[in-house]
Each structure stands twice: as structure tokens, then as C-alpha cells.
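Notes follow once the structure below has been shown.
There are 2 protein chains.
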Amino acid sequence: MQRDFPDNASRHQQRLLLGPGPSNPYPEVMEAMVRPVVGHLDPAFLAVLDETSERLRRAFRTCNALTLPVSGTGSAGMEACFVNLLEPGDTAVIGANGVFGARMCEVARRCGAEVVRVEEDWGRPLDPAALLEAQRAHPGARIVATVHAETSTGVRNDIEPLSVLQETDTLLLVDAVTSLGGIPLDVDAWGIDACYSGTQKCLGVPPGLAPLTFSERAVERVSSRDTPPQSWYLDMGLIGSYVGAERRYHHTAPISMVYALHAGLGVLLEEGLEVSWERHASVGAELHAALSDRGFTLLAQDGNRLPQLTSVSLPDGLDEAGLRRRLLHDFDIEVGAGLGDFAGRAWRIGLMGHSARRSSIVALLGALDALLS
Amino acid sequence: MQRDFPDNASRHQQRLLLGPGPSNPYPEVMEAMVRPVVGHLDPAFLAVLDETSERLRRAFRTCNALTLPVSGTGSAGMEACFVNLLEPGDTAVIGANGVFGARMCEVARRCGAEVVRVEEDWGRPLDPAALLEAQRAHPGARIVATVHAETSTGVRNDIEPLSVLQETDTLLLVDAVTSLGGIPLDVDAWGIDACYSGTQKCLGVPPGLAPLTFSERAVERVSSRDTPPQSWYLDMGLIGSYVGAERRYHHTAPISMVYALHAGLGVLLEEGLEVSWERHASVGAELHAALSDRGFTLLAQDGNRLPQLTSVSLPDGLDEAGLRRRLLHDFDIEVGAGLGDFAGRAWRIGLMGHSARRSSIVALLGALDALLS
């Protein structure tokens, strides 16, 4: 049939996704994507939404009532936290040891906040004491914000020591985009007031939603604002009235993506959170060892390396972009390029969610060995 | 198997979706939802994204380079337009004859704009002369904004007379959430500078993306801003650098939803825009006549009634909520409740995209007759 519109992209590609996300979705998730679409106020959908929120509470390890998927990708989750918790003139202490900490600073500035930036070298974890010291120097700070798993460097920042912020008026905001489901995260035990994630990392769901949870004190902060949040779309007061008992229409929920998240969380909780953490830890350690054996240099500091996201520099003389392209074209395996400071000299290799399997490592190493032999 | 997490929402419901959206997706769209997920920088995905943008240009009838799906629902498209085009202190002339015009006013206020609100009664179209007069009274206004198809009332507002704004420094911003694909819309011929839509109405795609297009003068306005847009997530300069030739990473595109939109636009363009408009017009007229015959009162003014979204008040003595519930529970047919001024006394019946078929009307009328006999 003659078509009068472009049609060059209809061939499907299948890839092993070992980049910084998206990871390969769980098969159960792809099945759920094609559940029949129903209305956003249909009791049949609201039951799925409620169950999704309840599953999110289990994944985040929280009892927070305000726990829901934001209708956007992980960065929308970040923005939702900042626009709701900050007002113009507020002070925000933000840890920055990678792209996503730096992004937090930019988002906070666009909220009109004064940003106190606590820096650390790329590849090294933030010092929790430095964040707490910055908060003590600015006791009126509205938030201390940090990234749990820095996707740009493969570093895990320690969150638990920041739980002492519970004794202050400063809220603790944590980016768990790459950590949720992949490494231990305990929102309530760690005193996290606002936490967001993404679906396309260790949850094994396509990108498109940002799981989010706010503590009671975060909710109080939102309701005691002098001005409404600058974003109507991400206004947690209004969204909470839809997801909560009132069921007041705000915007049309992304039905199919909620089905997908619901199913991905089902897979995760059926496996068990701790088992999933162990699986990620195990394959991560195996990959770290194998890459070191092959002359790659791990860029994240020992002791704070993420198992689900490994940043490495390549052995001397290898063309990172060319090799990455051949992995994709010859073997249908995606690994990620370096970002920011690491651009042009590093790879980021993800083993997340459904992709966090020994078979992924075997496939990657086999392809690498074939290309380098 | 014993599960330690809630699992009450696993039964699938199938509905005939005749509410204000979502509509039933085209079968081709559901097939596309399960295309294998690939990375957001994979050439295989970028080809789909480019083709999606090109298909959107054809659907919007525009040559605008900046034409893309925003990673959020229709309301995110609205917010993307306002946060990029308005700066604090700017004046915005906004037509309001329903919920979505009123929402525009609220979003503009949250951008720090002075809102000049041009009102009209619910059920009646905005007077383009009144909007133009308001612009002449505020010649420095940054934008004149109006909703093309008011989903809360079923009214079509006339856009074409506003094309004279091209001769001023004021940009024309149009909400085409419910109009794109369903009734004639001609972005370039009508001099529209910024236009957004949603996927879940006449495009026959699940909710989750907001097609958007900016004219060259809108793009210039964004690049000549004194301050960056208050939203980082919706910053069209940054998003344009990813969707455009630079391919600079901004956020992870919602891969599966882009596949879905790509497929939905394929169905639309293969049918032909004009044929789709005629199909919507034909079923809309048939429904209007059938409802009038049964004693329902059409609430949108004759001559400006949307075929794809019909607002009606019920014959005296009928309990709208009870009847709507029985349609859903006994016959798996969704129609929408009234919103705002029309809450509790009206229905909104959608015939959009794949749902815009004579078989939908037959099913609805048959169920209604059964319930009312």
C-alpha cells in the first residue's frame, strides 16, 4: 500500500539494554502494557492505582499516605519535589558529585531558591558530615537534597547518616531514580521526607512514570506554603486529591503506564525486595571483577560502588565510541556513554531490573572479547 | 502462590470508552505498545521519534521544526506552552468558557503573568472579536490563549479569526487537546504560534504524551527570554536540543508511549485527516439527533457543537450519576460526568478516535433504551 507519510521506522529492534536505563522490562510488564484501557475515574482503574501506590509503599519501605506515580519521567519526579517543597527565597542545601546532583541545583534555582552546593569529586561519595555541616550553617534551610545512586558516576551516596535531619526543621529529599529496587533503601527508617524514582531502572518498567513519596512533614510543608507551587501539573496538593479519597479530577492519569508499573512492582515484590537487592549485588560484583580483569578501571570509589550501574574507563588505546557502536550494531547490546566530566572516556554499564542477570554479563563479555580479540 | 502484597486489581475490564477521554486505542496502537524497548539515544529509537515528529507536523498541518511529544499528559503540554512563553510580569489574554480555559488562567498566574480573562457563558463559544479587542487594549500582551475544543462543554471556539495576531507582537496559543484529529485544525494557516494536544482523545492512543508545536516566533520568544523557564523538565530549549539534530540528553524519553503515538498517527494519516474529520462529524451529528429524540438537551450552542464531545443535560427526573453507573456496570460503557458548572446535571459523551464509530452509538443507545424502558 502506498503511504503518504514517513514509514521508515517500522522495523523492530531488540536490544540487550545494559546502559544507564532504560533496562529491559520484565515480560510481565509488557503483558500489562496491553491491558484494556479504561477511564481514569473508572473504579477498575482506581483499584489498580490504589494497589500501585500500596506496592510503591512496600518498595520505598514507607507508610507515607502520599505515595504515587507522577505522570512524567524521573526528572518530573525531581521537579515535583522541588516545586512543592521550595518557595522563592528558601535555602536548599544540595549535594553535587555528578550530573544529577547538579541538575537538582538547577531545578532548585528555577524555584527561586538560594542553593548551598556541597561538592565532591566525581567518582567519590558525598560526605554526609559535610551536608549536615552545611545545614547547621544554614539552620533555616528548607531542604537537604542528595542523590542516592548517582547514575552519572556509579557512586552510592550514604543516606542513613542524614536521618538526624528529622530533629531539625529541614526536610531530607532523596533522588532514588536508580536505587529503588536495586540497593537497600528505607525511606521511613532513614528519615527521608521526599523521595522520587523512575520506572526504567531497577523496577524493570519502560520509562514514563516517577514514583514519589512525601512524609507527613513534607505534606505539611506543601499545605502551609504562602504561594501555590509554580507548577500546576506537578502540584502535589491537587494530585493528592485525585489519588486520595476525594478522587477529584486533576489530569488524565497515564493508564497504560500505571498498568506497567503495577506489574513491575508485582514482579519485584514477588521476588522480594531483599532478594532483588542481593541479585543486583551479586551480578554487579561479578561484572566489576570481570571488567577489572580485562584492564578496565572502575571509576567509583571502592565501598560505594553501585552494583546496578558501573562506570569504567576503557583500557588505553580503545576508542570508546567506536566500540560502543559496534556492541550495538554487531551484537544488539547497549552500554551507556560517559556523561559530563566522564564524556568521551568512560562507559556506564547498567545491570538493572530484568537486565540484572548473569546471562547479561556473559553476553556482554562474550561480545567484548570478540570485538577486542 | 501466596503473595505478601495486594493483588486485588488483576482482573482486566474491557470498556467501551465514550467519556471525555481516554477513548479506546486503535488496535495497531496496542500492538505498538509492546515493541521491544530500546534506549532513548539508540538510532533505532531516534528514527521512530523523528518519524513521530514528522507525522505530528502532518496532523497539526505545520512546518514548524519544533514539533514533538512532551513527556506528560495534555496538561503538561499546556504548562509547557505557558512556562516557556511567559515571564513574570507578562500579560496574557485568555479566553475562558469552560474548565480548560480557566485552567489556562491558573497556569499563567503561576508563571507570574497578569491575566486578562475574556469570559463567555458555558455552552457558548468565545467571541474572537472580544479576544482581539482585549489584545488591542493590551498591545504588549505576550500571548492570546484559547481552547479550540472545550472538553468541559462540548463547544468549538473559532480560531481562524485570531490569525490576524500574526500582524502583532502577540503570540497565539491554542489548546488542541480534544480537537487534533477530530475536527479541522490548521496550525500554519491559522497563524497559531503554540499548540498542544493529548494522545487519549481523537488520536486513539492511551494517555501519557502531549504533542506540541512551536512556530519560529515562539521559538524566538523562548530563546530571547531574560530568565530561564521556571520548569527545567518542560524547558523547550533543552528538549529541542534532544529532539533536534544535537541529540543532547535531557531526560529519558517515554519510549513505549512514543511507539504508541507513532502508531496512532500512522492510523490517522493512513485514513487521511479529512476522512477522520468527516467520520467524527458524521457520528457526532447522528448522536446529537438521537439524543435530542430521546429528550436530552444539547448544551453547546448550535453551530459550534463538537462532534467528538457532546455535552447534554438529561431528561427531567433521571438520576445522572445512577444511570451513568449502571451504563458502566451493566453494559461496560463509560460516559463522562459533567464538570464544573455542569457537574451533577450533565453528561459528556465522547466519540473520539477509534471510538468514533456508528457501532459505539448503537451500543450506547441500546443500553440507554434498556435502562430507561
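As given, the protein sequences belong to chains A and B, one line each in that order.
Last residue of the first sequence: number 389 in our numbering, and the count goes up by one each step with no gaps.
Last residue of the second sequence: number 389 in our numbering, and the count goes up by one each step with no gaps.
Even glycine gets a Cβ: it sits at the ideal position worked out from N, Cα and C.
It should be emphasised that the depicted structure is a prediction, and the values quoted were computed from it without experimental measurement.
On the DSSP bridge list, what partners appear for residue i?
i, result
"SER327 (chain B)", "B:ARG364"
"VAL193 (chain B)", "Partner(s): none; VAL193 (chain B) has no beta bridge."
"GLY35 (chain B)", "GLY35 (chain B) is not bridged to any residue."
"GLU166 (chain A)", "A:VAL171"
"THR107 (chain A)", "A:GLU130"
"LEU188 (chain A)", "A:VAL160"
"SER112 (chain A)", "The sequence shown places Ala at residue 112 (chain A), rather than the Ser named in the question. ALA112 (chain A) is bridged to A:GLU135."
Would residue i and residue j qualify as a contact pair, given that the criterion is a beta-carbon distance under 7 Å?
i, j, result
"VAL212 (chain B)", "GLY93 (chain B)", "First, the amino acid is wrong: residue 212 (chain B) is Tyr here, not Val. Yes, the pair counts as a contact, with Cβ atoms nearer than the cut-off."
"ALA316 (chain B)", "GLY170 (chain B)", "yes"
"ALA112 (chain B)", "CYS121 (chain B)", "yes"
"VAL54 (chain A)", "PRO41 (chain B)", "no"
"LEU178 (chain B)", "LEU188 (chain B)", "yes"
"LEU281 (chain A)", "ALA48 (chain A)", "no"
"MET273 (chain B)", "GLY224 (chain B)", "yes"
"LEU34 (chain B)", "LEU334 (chain B)", "no"
"THR268 (chain B)", "THR89 (chain A)", "yes"
"TRP248 (chain B)", "VAL160 (chain A)", "no"
"ASP96 (chain A)", "LEU250 (chain A)", "One detail in the question is off: residue 96 (chain A) reads as Ala in this sequence, not Asp. Yes. Within cutoff."
"ASP103 (chain B)", "THR243 (chain B)", "At residue 103 (chain B) the sequence reads Glu, which differs from the Asp that was named. Taking 7 Å as the Cβ cut-off, GLU103 (chain B) and THR243 (chain B) qualify as a contacting pair."
"ARG364 (chain A)", "PRO36 (chain A)", "yes"
"ILE271 (chain B)", "PRO227 (chain A)", "no"
"LEU367 (chain A)", "ALA165 (chain A)", "no"
"ALA150 (chain B)", "VAL132 (chain B)", "yes"
"GLY356 (chain A)", "ALA362 (chain A)", "no"
"ASN80 (chain A)", "SER231 (chain A)", "yes"
"ASP348 (chain A)", "ARG119 (chain A)", "no"
Heavy atom of the ligand FAD less than 6 Å from the Cβ of residue i, yes or no?
i, result
"GLY253 (chain B)", "The ligand FAD is not part of the structure shown, which contains no ligands of any sort."
Once DSSP output is grouped into helix, strand and coil, what is the label at residue i?
i, result
"ARG140 (chain B)", "coil"
"VAL132 (chain B)", "strand"
"CYS121 (chain B)", "helix"
"PHE230 (chain B)", "strand"
"TYR212 (chain B)", "strand"
"ARG295 (chain B)", "helix"
"VAL398 (chain B)", "Beyond the ends of chain B as shown, which are 17 and 389, falls residue 398 (chain B); an answer cannot be given."
"ARG241 (chain A)", "coil"
"LEU322 (chain B)", "coil"
"LEU314 (chain A)", "strand"
"VAL180 (chain A)", "helix"
"VAL235 (chain B)", "helix"
"ARG264 (chain B)", "coil"
"GLY220 (chain A)", "coil"
"ASP305 (chain B)", "At residue 305 (chain B) the sequence reads Ala, which differs from the Asp that was named. ALA305 (chain B): helix per DSSP, three-state reduction."
"ARG152 (chain A)", "helix"
"GLY369 (chain A)", "helix"
"ALA342 (chain B)", "For the sequence presented, residue 342 (chain B) should be read as Arg rather than Ala. ARG342 (chain B) falls in the helix class under three-state DSSP."
"ALA359 (chain A)", "coil"
"ALA145 (chain B)", "helix"
Starting from residue i, follow the beta strand (DSSP E) in both directions and report where the run begins and ends.
i, result
"LEU334 (chain A)", "First-last for LEU334 (chain A): undefined, no H or E at that position."
"LEU281 (chain A)", "No beta strand (DSSP E) holds LEU281 (chain A); the alpha helix (DSSP H) holding it covers 271–287."
"GLU350 (chain A)", "349–353"
"ILE159 (chain A)", "159–163"
"VAL86 (chain B)", "82–86"
Terminal residues of the continuous alpha helix (DSSP H) containing residue i?
i, result
"ILE377 (chain A)", "374–388"
"ALA75 (chain B)", "59–76"
"CYS97 (chain B)", "90–101"
"ALA48 (chain A)", "43–49"
"GLY253 (chain A)", "252–259"
Spell out whether any CB of chain E is found under 7 Å from the CB atom of residue i.
i, result
"ILE349 (chain B)", "Among the chains of the structure shown, chain E does not appear; the protein chains present are A and B."
Original post:
For the segment 46–57 of chain A, which residues have a beta carbon sitting closer than 9 Å to at least one beta carbon of chain B?
Top reply: Residues of the segment 46–57 of chain A with a C-beta atom less than 9 Å from some C-beta of chain B are MET46, GLU47, MET49, VAL50, ARG51, PRO52, VAL53, VAL54, GLY55, HIS56 and LEU57, listed in chain order.
**OP:** Taking only beta carbons into account, state which residues of the segment 237–249 of chain B come closer than 7 Å to chain A, listed in chain order.
**Re:** Those residues of the segment 237–249 of chain B placed with their C-beta closer than 7 Å to a C-beta in chain A are PRO244, GLN246, SER247, TRP248 and TYR249, ordered along the chain.
Subject >> Where the segment 116–144 of chain A meets chain B: residues whose CB sits under 9 Å from a CB there >> reply: Hits within the stretch, in order: ARG119, GLU122, VAL123, ARG125, ARG126, CYS127 and GLY128.
**OP:** Output, in sequence order along the chain, the residues in the segment 192–203 of chain A whose CB is closer than 8 Å to any CB in chain B.
**Re:** Hits within the stretch: zero.
Original post:
When Cβ atoms are compared, which residues of the segment 64–85 of chain A fall closer than 8 Å to chain B?
Top reply: From the segment 64–85 of chain A, only VAL64, ASP66, GLU67, GLU70, ARG71 and ARG74 have a Cβ closer than 8 Å to chain B.
**OP:** Using a Cβ-Cβ cut-off of less than 7 Å, give me the residues of the segment 27–38 of chain A that come near chain B, in sequence order.
**Re:** Cβ contacts with chain B: HIS28, GLN29, GLN30, ARG31, LEU33, GLY35, GLY37 and PRO38.
**OP:** Return the residues of the segment 295–328 of chain A that lie within a Cβ-Cβ distance of less than 8 Å from chain B, sorted by chain order.
**Re:** Taking 8 Å as the Cβ-Cβ cut-off against chain B, none of the residues of the segment 295–328 of chain A qualify.
**OP:** Output, in sequence order along the chain, the residues in the segment 218–231 of chain A whose CB is closer than 8 Å to any CB in chain B.
**Re:** Listed by position, the residues of the segment 218–231 of chain A near chain B (Cβ gap below 8 Å) are PRO222, PRO223 and GLY224.
**OP:** Determine which residues of the segment 250–274 of chain A have a Cβ less than 9 Å from any Cβ of chain B, and write them out in chain order.
**Re:** Going along the segment 250–274 of chain A in chain order, one finds LEU250, ASP251, TYR265, HIS266, HIS267, THR268, ALA269, PRO270, ILE271, SER272 and MET273 with a Cβ nearer than 9 Å to chain B.
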